[in-house]
Amino acid sequence: MIYKTKGTCSSSIEIQAADGVIQSVRFTGGCNGNLQGISKLVQGMKVEDAIAKLEGIRCGMKETSCPDQLAQALKKL
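Encoded structure:
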């Protein structure tokens, strides 16, 4: 699945999941090192656990963040 982000420096997130478990995540744009780290941390995690940990995180004064956008994308799986 490719999710087009809203309100972040990254422009999209590519997610692969199977049987409710995240297989891989790849962000396009954004803070490369941080987003690679997030991608590695959620790999192998249950989708619902990742949503619970990431949803609602804000970036500075923005209403959202790349982790929050990942949670929003995971809700659509």
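One gets my numbering by counting positions in the sequence shown from 1 and adding 93 to each. Every residue gets a Cβ at the ideal spot worked out from N, C-alpha and C, and that includes glycine.
Residues of its chain near Ile-144, where Cβ-Cβ distance is below 7 Å and the 5 sequence neighbours each way are ignored: Sequence index remark: in the sequence shown, residue 144 carries index 51 (1-based). For Ile-144, the CB contacts under 7 Å within the same chain, skipping 5 residues up- and downstream, are Ala-164, Leu-167 and Lys-168 in chain order.
| task | Measure the alpha-carbon distance for Thr-157 versus Gly-113 and round it to whole angstroms. | result | The sequence position of residue 157 within the sequence shown is 64, counting from 1. The sequence position of residue 113 within the sequence shown is 20, counting from 1. So the two alpha carbons sit approximately 24 Å from each other.
Exercise. In terms of residues, what are the limits of the alpha helix (DSSP H) holding Ile-131?
Worked result: Along the sequence shown, read from residue 1 onward, the residue named residue 131 stands at position 38. The continuous alpha helix (DSSP H) containing Ile-131 extends over residues 125-135.
Exercise. Could you please give the first and the last residue of the uninterrupted alpha helix (DSSP H) stretch that includes Glu-141?
Key: For the purposes of this step, residue 141 is identified with residue 48 of the sequence shown, where counting begins at 1. In the DSSP annotation of this structure, the continuous segment of the alpha helix (DSSP H) that includes Glu-141 starts and ends at 140-147.
Practice prompt. Run the CB neighbour count on Gly-130, radius 10 Å, all protein chains shown included, and call it buried at 16 or more, exposed below.
Written response: In the sequence shown, counting from the first residue as 1, residue 130 sits at position 37. Within 10 angstroms of the beta-carbon of Gly-130 lie fewer than 16 other beta-carbons, which makes it exposed.
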